[in-house]
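Please read the structure below before turning to the comments.
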Amino acid sequence: MLIKYFKNRRIKKEHSHFRKRIESLLKRDDDIFSDSEKNSLIEIAGKAALLKTFDNSRAEKEYNNLSNKLIKLFPEKRFKFIREYAEILVVALTVAFGVRALYTQPFKIPTSSMQPTLFGIHYVNKPVIPNIPQPLNYLLFSTLRADLTVQQNGAFQGIYPPFDKFFIFPWTALQIGGMKYELPGAPQKVTEYCFGKFQQMPETFKPGDVLCDGWLSDGDHLFVNRLAYHFSEPARGDIIVFTTNDLYNDSTGEPLSRIGYYYVKRLVGMPGDTLKIENSMLMVKPKGSDKFVPITSFGVEAFKRVYSGKGGYQPYLPVGRLALGSEVKIPEKSYFMMGDNTLWSADSRYWGFVPRANIVGKASFVFWPLSRRFGITDSRNELDVPTSVGPNGYIKAMTLQ
């Protein structure tokens, strides 16, 4: 009795699924069926609806007949599962690109101008987790081994143009004492992490000299919230991605778009503000005020980090439009942007104000690599390591994170 009950239940469920499948076909592919196919499906659907009125024996027989008709009408196609998954993938990608266009956009930090808050391609002294195989190390932490121990006595003889390797980022070859060495990174980056610690290039190197023994990271990748500034105005201290349309270098007159279409900087000056730097402190006279106050007085933690003297942070440098004794007044609907890595940041000090129309969105979440910066952007405290600037602007604290 119990076996018969479950058998009848299974049959009814099969019939129910069959009816729903036909209804789904009619709704999903109504626009691509021919009239004859559509009429045949409607006929099968009508008969399938009557299955529940028959006794089990007749219902099962009729169900088999209808199933065979459906198979003849729409025979199983080869690689059907591939087509179905491809269709799902197309829909998923369409939704993803729609979300990207409307709400969020991935962005790769291109340079070191926002260090140590956000890193572009940079050198680190040690891996996040030791002894991880190289492919996994890159997938998780975006790092490639960068080590060079001199093998043969001799002078530095030059550096070669970059070349592609592993389709990741450029590699560079250099020559010392007649031997050729290959390292990850563009020539400028390789020169920086190999020779940046020297006051001047040594005349000769000897076997055993270690020029680098670390890893090169591909930089931070983050999501930019494109909707944030549709509902509120940019705030002082925000990290903002913007386009370089109609922005020109003060010294050369060259358009910034030749270097890069998107920039990322921290907003330090609002419309109507007047800015100056006194005793290394960025001073702000807000719109409508008659006195200057330190940038650290606005209650923004980021500016306190900049002036902490720790973890690679250092006070803003008085150069360009903010050279000692200079003041700048920010026009309406424009902003003044600066990088946290003040020694190595080409920012509004060198090319002026960013129009409101250029702003793309707010940096919101670092999604790769897995580092101390992973997660909500600009939410980490500075490393408790003094910022000390060595030869050629070399800052050891930057290599510790």
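Mapping the sequence shown onto our numbering, position 328 (from 1) lands on 328, and the numbers just tick up by one.
Yeah, the Cβ is synthetic: ideal placement off N, Cα and C, and Gly gets one too.
No experiment lies behind these values; they were computed from the predicted model shown.
I'd like the list of long-range same chain contacts for proline 207, defined as Cβ closer than 7 Å, with 5 residues on each side in sequence excluded. Val150, Gln151, Gln152, Asn153, listed in sequence order.
| query | Can you tell me whether proline 135 is buried or exposed, with buried defined as 16 or more other CB within 10 angstroms of its CB? | reply | Looking at its Cβ environment, which holds fewer than 16 other Cβ atoms inside 10 Å, proline 135 is exposed.
_Delimiting residues of the beta strand (DSSP E) encompassing lysine 265_ = Where lysine 265 is concerned, the enclosing beta strand (DSSP E) stretches over 262-269.
Measure from the alpha carbon of arginine 226 to the alpha carbon of each residue in Asn64, Ser57, Tyr103, Ser364, then state which is nearest.
The residue with the shortest Cα to Cα distance from arginine 226 is Tyr103.
**Asked** Which of the three DSSP states, helix, strand or coil, is assigned to alanine 323?
**Response** In this structure, alanine 323 counts as coil in the three-state DSSP scheme.
Cα-Cα separation, proline 386 to glutamine 188:
Proline 386 and glutamine 188 have their C-alpha atoms roughly 26 Å apart.
| task | Leaving out five residues on either side along the sequence, give the residues of the same chain with a beta carbon under 7 Å from the beta carbon of lysine 180. | result | Ala173, listed in sequence order.
- Report the option in Val366, Pro184, Asn279 whose CA atom is closest to the CA atom of threonine 143. Residue Pro184 is the option with its Cα nearest to threonine 143.
(Q) Quick check on this structure: which residue in Lys52, Lys38, Arg19, Ile295 has the alpha carbon closest to the alpha carbon of leucine 73? (A) The option with the nearest alpha carbon to leucine 73 is Lys38.
Since tyrosine 313 and leucine 282 are thought to touch, with beta carbons under 8 Å apart, how far apart are those beta carbons, to the nearest angstrom? Between leucine 282 and tyrosine 313 the Cβ distance is about 13 Å, and since that is not below 8 Å, they are no contact.
What is the rounded straight-line gap between the Cα of lysine 165 and the Cα of leucine 139? One C-alpha to the other measures close to 16 Å.
Quiz item: Going by DSSP, what residues sit across from asparagine 56 in a beta bridge?
Solution: Bridge partners of asparagine 56: none, in fact.
- Of all the options Phe156, Ala186, Leu148, which has the alpha carbon lying nearest to the alpha carbon of phenylalanine 163? Ranking the options by Cα distance to phenylalanine 163, first place goes to Ala186.
In the DSSP assignment, the alpha helix (DSSP H) including proline 369 goes from what residue to what residue? For proline 369, no alpha helix (DSSP H) run applies, since DSSP gives it neither H nor E.
Rounded C-alpha distance that separates serine 257 from valine 354:
Pairing serine 257 with valine 354, the inter-Cα distance amounts to about 13 Å.
Q.
Count Cβ pairs between the region 212-224 and the region 104-119 that sit closer than 8 Å; are there 3 or more?
A. Three or more beta-carbon pairs separated by less than 8 Å link the region 212-224 to the region 104-119, which places the two stretches in contact.
Task: Contacts around lysine 20, its chain only, beta-carbon distance under 7 Å, and the 5 residues preceding and following it disregarded - done: Within the same chain, no Cβ atom closer than 7 Å to the Cβ of lysine 20 is found once the five residues on either side in sequence are excluded.
**When Cys212, Val284, Ala59 are compared against glutamate 14, the one with the closest alpha-carbon** = Of the candidates Cys212, Val284, Ala59, the one whose C-alpha sits nearest the C-alpha of glutamate 14 is Ala59.
Indicate whether phenylalanine 141 and proline 369 have their beta-carbon atoms separated by less than 7 Å. Annotated as proximal: phenylalanine 141 and proline 369, with beta-carbon spacing under 7 Å.
What residues in its chain sit with their C-beta under 6 Å from that of tyrosine 350, if we drop five residues either side in the sequence? The answer, listed in chain order, is Asp250, Gly320.
Margin query: Distance check for aspartate 290 and threonine 296, CA to CA, integer angstroms please.
Written below: When rounded, the distance between both Cα atoms is 18 Å.
Reference methionine 114; option with closest CA among Leu41, Phe18, Tyr263
Looking from the CA of methionine 114, the closest CA among Leu41, Phe18, Tyr263 belongs to Tyr263.
Determine the extent of the alpha helix (DSSP H) in which leucine 275 is found, giving its start and end residues. Leucine 275 -> not in any alpha helix (DSSP H); beta strand (DSSP E) instead, spanning 274-278.
- Query: Rounded to a whole number of angstroms, what is the C-alpha to C-alpha distance between phenylalanine 79 and glutamate 23?
  - Reply: With a pLDDT of 49 at phenylalanine 79, under the threshold of 50, the modelled position of this residue cannot be trusted; read the value that follows with caution. Using only the alpha carbons, I get a separation of about 23 Å.
* Asked: Span of the alpha helix (DSSP H) holding glycine 185?
  -> Unbroken run through glycine 185: none, as it is neither H nor E.
* Would you give the residue range spanned by the beta strand (DSSP E) that arginine 145 belongs to? => Unbroken beta strand (DSSP E) run through arginine 145: 143-149.
Practice item. Mark asparagine 137 as exposed unless 16 or more other C-beta atoms lie within 10 angstroms of its C-beta, in which case mark it buried. Key: When all chains shown are included, asparagine 137 counts as buried.
(request) Answer yes if the region 64-71 comes into contact with the region 329-339, meaning at least three C-beta pairs across the two stretches below 8 Å, and no otherwise. (result) Taking a contact to require three or more Cβ pairs closer than 8 Å, the region 329-339 and the region 64-71 do not qualify as touching.
- [ ] Measure the C-alpha to C-alpha separation of tyrosine 160 and leucine 275 and round it to an integer number of angstroms.
- [x] Going from the Cα of tyrosine 160 to the Cα of leucine 275 covers about 43 Å.
| field | Backbone secondary structure at asparagine 68 - three-state DSSP | value | In the three-state reduction of the DSSP assignment, asparagine 68 falls in the helix class, which pools H, G and I.
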